[in-house]
Amino acid sequence: MCFLERRIIAMKSLLHKPLLSAVSILEFLVIVAALASASMAQEIQGKVSGARAGTVVYVDWISGKDFKGQGKHVTMDQKGMTFRPHSLVVLRGTTVDFLNSDAVGHNVYWKSVGGDKSKGNNMGTWPQGQTKSFVFWDAGAVPLLCNVHTEMSGYIFVVPTPYYALTKADGSFDIKGVPQGHLTLKTMGGGASKSKQVDVGAGITNVEL
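Here the sequence shown is numbered in my numbering, starting from 26 and rising by one per residue.
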């Protein structure tokens, strides 16, 4: 039983008392509203057919909304001649700090963002222990490579909304806190991209991709 539920039970026991203050009654009503709102939280559950574990499932651009990860920093390390983590999901506007933990220099670059070659970039080379940063504003898959070590590869997946999840081994996913409305659900990475229009109502919406 959560705190709000315990509190509402305690408040119910006081409602019959004549000296119950207006503040207490207001608190009771606020708690009831909060519980009702929590019970109506939207969620998208489903499965992506043929998807590998770690495929990104996300809600595409929402009309009238402009989600940004400004001010948020995440780290993509270069350690043991690999990108760590191998794949990273970030909200557009997020700053990715590329750390070099190896004793050798790396030359991180990407040829495109979401297939758009005009968005390619070369970060250059920097020594061990130092960091170079880049703000990703364009949504899409960013395939990371190293000019010095061709065996190195990784991915950054830039999403346009904070509503996303990674598939499990069986292709299932669960995205919580999604707003109601007519939305577009898409996949990124893990094979062919998929897209589906979804009408999200209160409670759980089940989707097959």
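Glycine is no exception: its CB is placed at the ideal position from the N, C-alpha and C atoms. Here the structure is a predicted model, which is why all the values come from computation and not from measurement.
| Query | Result |
| --- | --- |
| Q205, buried or exposed, once every other Cβ within 10 Å from all chains shown has been counted against 16 | exposed |
| Closest Cα partner of S126 within the set T107, G145, S143, Q103 | Q103 |
| CB-CB length for I69 against L210, believed under 8 angstroms | 7 angstroms |
| Alpha helix (DSSP H) segments (min. 4 residues) lying fully within the stretch 100–151 | none |
| Sufficient close CB pairs (3 or more, under 8 angstroms) joining the stretch 153–163 to the stretch 79–92 | no |
| Range covered by the beta strand (DSSP E) that runs through S178 | 178–184 |
| Backbone CA spacing between G202 and G196 [nearest angstrom] | 20 angstroms |
| Rounded C-alpha distance that separates F123 from K219 | 30 angstroms |
| Alpha carbon of G105 to alpha carbon of Q222, nearest angstrom | 42 angstroms |
| Inter-residue spacing [alpha-carbon to alpha-carbon] between K144 and G165 | 10 angstroms |
| C171 versus T186 - alpha carbon distance | 29 angstroms |
| Proximal residues to V167 (C-beta, below 6 angstroms), its chain only, five neighbours per side dropped | W135, V138, I181 |
| Secondary structure of A190, DSSP reduced to three states | strand |
| Helix, strand or coil at S62 [DSSP, three-state] | Low confidence applies here, because S62 scores a pLDDT of 45, under 50, leaving its location unreliable; read the following figure in that light. Three-state DSSP puts S62 in a helix. |
| Straight-line gap, F198 to W86 (C-alpha atoms, nearest Å) | 19 angstroms |
| Per DSSP, the bridge partner or partners of T156 | L124 |
| Nonlocal neighbours in the same chain, by C-beta distance under 6 angstroms from M213, ignoring five residues either side | V81, A166, F182 |
| Bridge-paired residues (DSSP) for P204 | Per DSSP, none; premise fails for P204. |
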